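Note sheet for the following structure.
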Amino acid sequence: MKLKGMSLYRKRSMLGFFFIGPWLIGFLFLYLTPLLQSIKFSFTKLEIQPEGYSLMGVGWENFRNALFVDASFNRIITSSVWEMIVSVPMILFFSLFSATILNQKFRGRTLTRAIFFLPVILASNAIEAAEKSGLINLIGSATYLEEMQGATSSYNVTSIVYTLLDIGIPLTFADYIVTAILSIYSIITNSGVQILIFLAALQSVPNTMYEVAKMEGATAYESFWKITFPMVSPLILTNIIYTVIDSFSGSPITTLIYSTAFETQNFGLSAAMSWIYTIVVALFLAIIGVVLGKRIHYN
Amino acid sequence: MGKEIAEARYYRKKREQQKLFDLLYVIFRGLLIIGISFIIIYPIIQKIAVAFKDKVDIYNPTIYMVPVNFTWENLTMAMSILDYFPMLGKTLVFVVVTTLCTVASCALAGYGFARFNFPGNGMFFGVVIITILVPTTTLMLPYYLHFKNFDFLGIIGLLTGKPGVNLINTYWPSIITSATAIGLKAGLFIYIFRQFFKGLPKEIEEASFIDGAGGIQTFFRIMLPNAIPPIITVVLFCFVWQYNDTFYTTLFMSGMELMSLKVATLPSQADQFIPVLMGYSHSSGFKADPNHVAMVVDTGILLAILPLLALYLVVQRYFVESIERSGIVG
């Protein structure tokens with residue numbers, strides 16, 4: 011590749027390598043190598059020696075161990091994925107709803123926007139860990155804490171469930187609505203960035219569209235579904251991806267992988283677990299991408 | 024004539040109906056907003072109330088928010104258990120350095136991906152997206168081993184024969200990863216910068232080339248000053264996430280004094296130190312009142328989030344504005 015023989019345009023393009031230089035170095039040495047190493051580790055039994063580590067190949071043993079032998083992995087991964095499936099639509103719905111409200115003009119709008127975005131600033135796993143363990147100290151046991159939380163919330167739930175069933179809503183819907191009510195706090199806390207992105211999207215819709223629609227006689231409901239919703243749809247995919255990624259940190263499966271690695275010192279098993287988790291999430295995102303990709307309206 | 028009067032009456036009734044609906048909507052919206060804001064703000068207000076509550080007031084059932092006896096005691100105790108001001112200083116220095124490194128390397132990478140058509144552009148950017156999607160736990164173990172015996176290209180092994188430098192429990196792992204744009208959520212920041220730079224008109228660059236500036240000069244003198252919105256966005260997000268991060272800090276730096284680490288261990292430390300501080304006894308068998316410990320832990324948490332709250336109050340206006348103008352959307 012002779013630099014002198016290339017056109018000016020081509021030479022300029024090569025300058026691009028300078029700009030992505032730091033990233034490229036970091037990627038090759040600090041990302042790609044560890045990634046391949048992680049795949050290698052998942053097929054071995056790893057032991058830390060004073061001068062490094064030693065590997066002993068065990069084939070698919072770790073994967074078999076994770077899926078069929080280990081007591082908690084299957085349970086935790088299914089519950090994590092299920093929680094993701096349940097909470098992602100709720101978070102999306104809530105953030106679109108909040109963004110629509112926050113986009114209207116009313117007194118105290120700046121203050122309300124500041125408040126709605128506050129949970130992003132304060133979301134810290136350290137704080138959650140501190141509060142949880144503080145409460146455990148108070149009560150004396152972790153299992154009793156979970157029971158207590160479950161007991162107090164299920165009491166309220168029963169009356170609401172009966173009310174909903176009386177109205178005539180089928181049981182599955184009532185179940186879903188009640189789950190939504192119980193997890194209101196976690197939905198509100200996890201929606202900060204999504205609200206921001208939706209808000210920016212709503213503000214990028216040109217006002218003239220709404221004016222024309224109003225002149226032609228569209229109601230507010232119609233203009234929402236025919237104008238706002240399609241214009242905002244590309245960002246629904248972005249928000250889904252962001253929500254799924256956000257749910258990784260602090261999720262029980264992350265703690266399981268961490269404790270398998272550093273507390274039980276079973277590094278190969280931990281690597282296998284994390285790869286199974288990665289594959290599950292990738293499948294999940296791919297399915298969503300394919301299903302939604304067709305319905306997105308691009309400008 | 025009669026028909027016009029009837030029409031006028033009809034439209035007047037319609038207008039009044041509309042006004043009634045509008046009023047109902049405003050009330051409904053107001054209630055909704057107040058409700059949600061309360062849910063968000065309540066924990067903070069509760070912590071502020073607890074911070075000043077004297078421990079005599081814990082068992083007073085008539086107190087909801089405003090304590091009867093005020094005291095600075097909780098604050099002083101929490102500050103001494105956390106070793107507050109020195110630790111805050113160290114944490115701030117660490118977070119600011121990593122934020123600057125991340126912004127610099129991500130801006131460079133974003134501009135490179137946006138404006139230069141080098142071979143493999145699309146492929147490498149696809150790789151950036153993959154770095155966003157892969158859960159960090161997958162890389163956790165190799166990172167740890169990698170930094171335990173850090174040996175760039177085998178140079179150290181060649182020169183001295185030792186297996187490498189042990190970088191665990193120093194600030195270096197985070198600084199290296201942020202300077203090479205691989206750190207905490209760096210892929211997202213590269214994406215933000217790339218979207219923004221793609222949205223800038225090409226004419227600016229062409230004008231600068233005609234005026235004789237090279238690629239690098241164009242970047243530093245023209246593109247960067249125009250890139251204030253995404254820079255603000257990335258600085259804010261990076262600062263907050265790095266400050267609150269527990270994943271990388273427990274992995275690489277569990278022995279160091281950082282805010283997120285100290286807060287996570289606060290309850291057990293408070294349990295240990297409060298009897299000593301209160302002067303009850305020096306023996307370890309004597310346990311402090313759990314409610315009192317909970318109060319001090321809450322105060323500690325409040326102290327930890329106070330810098331973030333202060334920063335947020337100052338820059339919150341820019342958050343919304345900058346996301347809008349940084350070009351992620353539209």
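Protein sequences appear in the order of chains D and E. If you're matching positions, the first sequence starts at 11 in this note's numbering and goes up one per residue. If you're matching positions, the second sequence starts at 24 in this note's numbering and goes up one per residue. No residue lacks a Cβ here, since even glycine has one placed at the ideal position from N, Cα and C. Given the structure is predicted, the values throughout are model-derived calculations rather than measurements.
**Request:** For residue 113/E, name the three-state secondary structure that DSSP assigns.
**Result:** Correct three-state label for residue 113/E: helix.
**Request:** Measure the C-alpha to C-alpha separation of residue 101/D and residue 126/D and round it to an integer number of angstroms.
**Result:** 13 angstroms
**Message:** For residue 24/D and residue 152/E, what's the separation of their Cα atoms in angstroms?
**Reply:** 22 angstroms
**Asked** Between the region 109 to 127 of chain E and the region 267 to 284 of chain E, are three or more C-beta pairs nearer than 8 angstroms?
**Response** yes
**Item:** Three or more C-beta pairs below 8 angstroms linking the region 217 to 229 of chain D and the region 113 to 123 of chain D
**Value:** no
**Prompt:** At which residue ranges does the region 15 to 45 of chain D contain complete alpha helix (DSSP H) runs of 4 or more residues, listed in the order of the chain?
**Reply:** 18 to 29, 31 to 37
**Message:** Using DSSP's beta-bridge definition, name the partner residues of residue 170/E.
**Reply:** In the DSSP output, where bridge partners are listed per residue, residue 170/E has none listed.
**Request:** Could you tell me the distance, in whole angstroms, from the CA atom of residue 150/E to the CA atom of residue 295/D?
**Result:** Taking C-alpha positions only, residue 150/E is separated from residue 295/D by approximately 16 angstroms.
**Environment of residue 235/D [buried if 16+ CB atoms lie within 10 Å]** = exposed
**Request:** Return the residues of the region 23 to 57 of chain D that lie within a Cβ-Cβ distance of less than 7 angstroms from chain E, sorted by chain order.
**Result:** 23, 24, 25, 26, 27, 29, 30, 32, 33, 35, 36, 37, 40, 41, 44, 45, 47, 48, 51
**Within-8 angstroms CB hit, residue 92/D to chain E** = no
**Prompt:** Is it right to say residue 339/E is buried, meaning 16 or more other beta carbons lie within 10 angstroms of its own, or is it exposed?
**Reply:** buried
**Request:** Would you decide whether residue 43/E is buried or exposed? Buried here means 16 or more other CB atoms lie within 10 Å of its CB.
**Result:** exposed
**Request:** For residue 288/D, return the contacting residues in chain E, with the cut-off set at a CB-CB distance below 8 angstroms.
**Result:** 157, 158, 161
**Item:** Under 8 angstroms from the C-beta of residue 128/E: neighbouring residues of chain D
**Value:** Near residue 128/E (Cβ distances below 8 angstroms), the residues of chain D are 32, 33, 36.
**Asked** residue 277/D versus chain E: which residues are under 8 angstroms apart at the beta carbon?
**Response** 164
**Message:** For residue 218/D, would you say it is in contact with chain E, using Cβ-to-Cβ distances shorter than 8 angstroms as the test?
**Reply:** no
**Request:** For residue 100/E, count neighbouring Cβ atoms within 10 angstroms of its own Cβ and tell me buried if that reaches 16, exposed if not.
**Result:** buried
**Prompt:** With 8 angstroms set as the bound, which would you pick, yes or no: does the beta-carbon of residue 162/D sit closer than that to a beta-carbon of chain E?
**Reply:** Confidence is the limiting factor: at residue 162/D the pLDDT is only 45, short of 50, which leaves the residue's position unreliable and the question unanswerable from this model.
**Request:** Could you confirm whether any beta carbon from chain D is found closer than 8 angstroms to the beta carbon of residue 123/E?
**Result:** Residue 123/E does not count as touching chain D.
**Prompt:** According to the Cβ coordinates, are residue 77/E and residue 90/E closer than 8 angstroms?
**Reply:** yes
**Interface flag, residue 38/E vs chain D, CB-CB below 8 angstroms** = no
**DSSP-derived helix/strand/coil call for residue 85/E** = coil
**Prompt:** If you draw a straight line from the alpha carbon of residue 88/D to that of residue 98/D, how long is it in whole angstroms?
**Reply:** 15 angstroms
**Asked** Are the region 152 to 161 of chain E and the region 242 to 262 of chain E touching, with three or more C-beta to C-beta distances below 8 angstroms?
**Response** no
**Message:** According to DSSP, is residue 64/D part of a helix, a strand, or is it coil?
**Reply:** strand
**Item:** Coil, strand or helix - residue 270/E by DSSP
**Value:** helix
**Whole-number beta carbon distance between residue 184/D and residue 192/D, since they are thought to touch under 8 angstroms** = About 13 angstroms; that fails the 8 angstroms criterion.
**Message:** Suppose contacts are defined by Cβ-Cβ distances below 8 angstroms. Is residue 271/D in contact with residue 164/E by that definition?
**Reply:** yes
**Message:** I'd like to know whether the C-beta of residue 62/E is nearer than 8 angstroms to at least one C-beta of chain D.
**Reply:** yes
**Item:** Unbroken beta strand (DSSP E) run spanning residue 57/D, endpoints
**Value:** Residue 57/D -> beta strand (DSSP E) spans 54 to 59.
**Asked** Quick one: Cα of residue 143/E to Cα of residue 128/E, how far?
**Response** 19 angstroms
**Request:** Determine the direct distance from the alpha carbon of residue 196/D to that of residue 131/D, and round the result to whole angstroms.
**Result:** 15 angstroms
**Asked** What is the DSSP secondary structure of residue 26/E, counted as helix, strand or coil?
**Response** helix
**Prompt:** Should the region 273 to 284 of chain D be called in touch with the region 46 to 62 of chain D, which here means at least 3 C-beta pairs below 8 angstroms?
**Reply:** Yes, the region 273 to 284 of chain D touches the region 46 to 62 of chain D.
**Prompt:** Quick one: what does DSSP say residue 261/E is sitting in, helix, strand or coil?
**Reply:** Residue 261/E carries a helical assignment under DSSP once its states are collapsed to helix, strand and coil.
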